[in-house]
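Q: Take this structure first; my questions come after.
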Amino acid sequence: MVEILRARDMGFCMGVRRAVQMMEAEASPERQVFSVGEIVHNPHVVRALETRGVVQLPGPDEVDGDIGKATAERVQRGRVAITAHGVGERVVRELEASGLEIIDTTCPIVTRAQRYGQKFVREGYHVLIFGDPGHKEVRGIVGWTVDGSGRSAATIVPDASLESLRRLVEEFPGGFPNKVGVMAQTTHKMEDFARFVANLMLLRRDYNFEIHVVNTLCHATTGQQEAAAELARRVDVMIVVGGKKSANTRHLREVAEEQGTRAYHIEGPEELEPAWFAGVERIGLTAGASTPDFSVDAVEARIRELVGAGA
Numbered sequence: 001m002v003e004i005l006r007a008r009d010m011g012f013c014m015g016v017r018r019a020v021q022m023m024e025a026e027a028s029p030e031r032q033v034f035s036v037g038e039i040v041h042n043p044h045v046v047r048a049l050e051t052r053g054v055v056q057l058p059g060p061d062e063v064d065g066d067i068g069k070a071t072a073e074r075v076q077r078g079r080v081a082i083t084a085h086g087v088g089e090r091v092v093r094e095l096e097a098s099g100l101e102i103i104d105t106t107c108p109i110v111t112r113a114q115r116y117g118q119k120f121v122r123e124g125y126h127v128l129i130f131g132d133p134g135h136k137e138v139r140g141i142v143g144w145t146v147d148g149s150g151r152s153a154a155t156i157v158p159d160a161s162l163e164s165l166r167r168l169v170e171e172f173p174g175g176f177p178n179k180v181g182v183m184a185q186t187t188h189k190m191e192d193f194a195r196f197v198a199n200l201m202l203l204r205r206d207y208n209f210e211i212h213v214v215n216t217l218c219h220a221t222t223g224q225q226e227a228a229a230e231l232a233r234r235v236d237v238m239i240v241v242g243g244k245k246s247a248n249t250r251h252l253r254e255v256a257e258e259q260g261t262r263a264y265h266i267e268g269p270e271e272l273e274p275a276w277f278a279g280v281e282r283i284g285l286t287a288g289a290s291t292p293d294f295s296v297d298a299v300e301a302r303i304r305e306l307v308g309a310g311a
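Under this note's numbering, think of the first position of the sequence shown as 1, with each following residue one higher.
The following block contains the structure:
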């Protein structure tokens, strides 16, 4: 008999659940809410919210010029929602100036990271953000690090390796700053962030160097990664359920693979392949922080059909 085991910690995190609940409470087909980009990185959740009256508009990166004016032209009168990943300060101010009612679903943990970025700049630090330069959350945080000259005082660093950081330090325009505030994309792995900080300290050990490190990682995401690693060590194959755009879901797959376990990242049951389960005895199942329970249930039901596992 094939066993299907779920991770002890998986699925909707507090920030995503809060954003979805806010949209469900505010929107209806008769009184729509317009989302500036995807509320969360999960197509199933986005489609479910659309049936409730949430209309997705282009996000800040898809609009040239004033996002407030562009949104107001589409909405006329109504309410707009800032997504769970958050946006930069300029976007917030332009939306406020548009005269539209704003519903802010930014995850509180992301808001905390934004405020730290803002605080660092005000205190004269250059901000180093360990994160993905293309991620909405990271770009939003950068938008809160504008200095008195109107330019961002932040640098996004995607790689924690010693060699990558050495190039950053050596090639930094105008010389590497001696006051640095360090933070991370909230969905990154603790081990990678710790390596980033350690390597940075190692490179600057011979300099008069001030570094202020803030742990901006999401505890829920960290807990899910630990649970995924624990389960991966006990199974033959791991199935990770979540949106392909979801960074924290991709990290769950990476965590599973780091345990030496085959892992597959899917959005829904239609992507499952029977060959993945040939000869296996235990199948692990986990899900990203923006993955609803019904998606996980559907995937598990399909796995049971494929392998003939009992209920």
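Every residue gets a Cβ at the ideal spot worked out from N, C-alpha and C, and that includes glycine.
1. Does the Cβ of G268 have 16 or more other Cβ atoms within 10 Å, making it buried, or fewer, making it exposed?
2. Run the CB neighbour count on R122, radius 10 Å, all protein chains shown included, and call it buried at 16 or more, exposed below.
3. Could you work out which residue in H251, A256, G15, Q259 is closest to T318 when comparing CA atoms only?
4. Would the region 145-157 count as touching the region 123-135 if we require 3 or more Cβ pairs under 8 Å?
5. State the Cα-Cα distance for the pair G148 and Q118, rounded to the nearest angstrom.
6. Near V255, which residues of its chain fall below 6 Å by C-beta distance, leaving aside the five closest residues on each side in sequence?
7. Excluding the 5 residues flanking E101 on each side, which residues of the same chain have their C-beta closer than 6 Å to its C-beta?
8. Count the other C-beta atoms from every protein chain shown that fall within 10 angstroms of the C-beta of I219, then say buried if there are 16 or more, exposed otherwise.
9. Could you tell me whether the Cβ atoms of V180 and Y125 are closer together than 9 Å?
10. If the criterion is Cβ atoms closer than 9 Å, does the pair S246 and A184 meet it?
11. Look up A311 in the DSSP assignment and say whether it is helix, strand or coil.
12. Is the beta carbon of I283 less than 9 Å from the beta carbon of V241?
13. Taking 8 Å as the cut-off, does the region 13-31 touch the region 300-309 (at least 3 CB pairs, one atom from each stretch)?
14. Bridge partners of E96, per DSSP?
15. Which same chain residues, not among the five before or five after N208, have their C-beta less than 7 Å away from its C-beta?
16. To test your reading of the DSSP string, which unbroken alpha helix (DSSP H) runs of 4 or more residues are found completely within the region 206-273?
17. Give a yes or no on whether the C-beta atoms belonging to N42 and T291 are separated by under 9 Å.
18. What residue from H265, T216, T249, G223 has the CA that sits closest to I239's CA?
19. Would you kindly work out how many angstroms separate the C-alpha atoms of A311 and R52, rounded to a whole number?
20. Relative to the C-alpha of N248, which candidate in V75, G68, C13, A70 has its C-alpha closest?
21. I believe T83 touches G37 by the beta-carbon criterion, under 8 Å. Please report the beta-carbon distance rounded to the nearest angstrom.
A: Let me lay it out:
1. Classification for G268: exposed.
2. exposed
3. Residue 318 is absent from the model: the chain starts at 1 and stops at 311.
4. Contact between the region 145-157 and the region 123-135 is present: 3 or more CB-CB pairs across the two stretches fall below 8 Å.
5. Between G148 and Q118, the C-alpha separation is close to 12 Å.
6. Q225, A228, A229
7. R79
8. A small correction: the amino acid at residue 219 is His; Ile does not occupy that position in the sequence shown. Per the 10 Å Cβ criterion, exposed.
9. yes
10. no
11. Reliability fails at A311, whose pLDDT of 47 lies under 50, so the model's placement of it is uncertain and no value is given.
12. no
13. Here the region 300-309 makes no contact with the region 13-31; the two share fewer than three CB pairs at distances below 8 Å.
14. According to DSSP, which records beta bridges pairwise, E96 is partnered with nothing at all.
15. N178
16. 219-232, 247-258
17. yes
18. H265
19. A caution first: A311 carries a pLDDT of 47, below 50, which makes its placement in the model unreliable, though a value can still be read off. Roughly 32 Å separates the two Cα atoms.
20. If we check each option's Cα against that of N248, C13 comes out closest.
21. 5 Å
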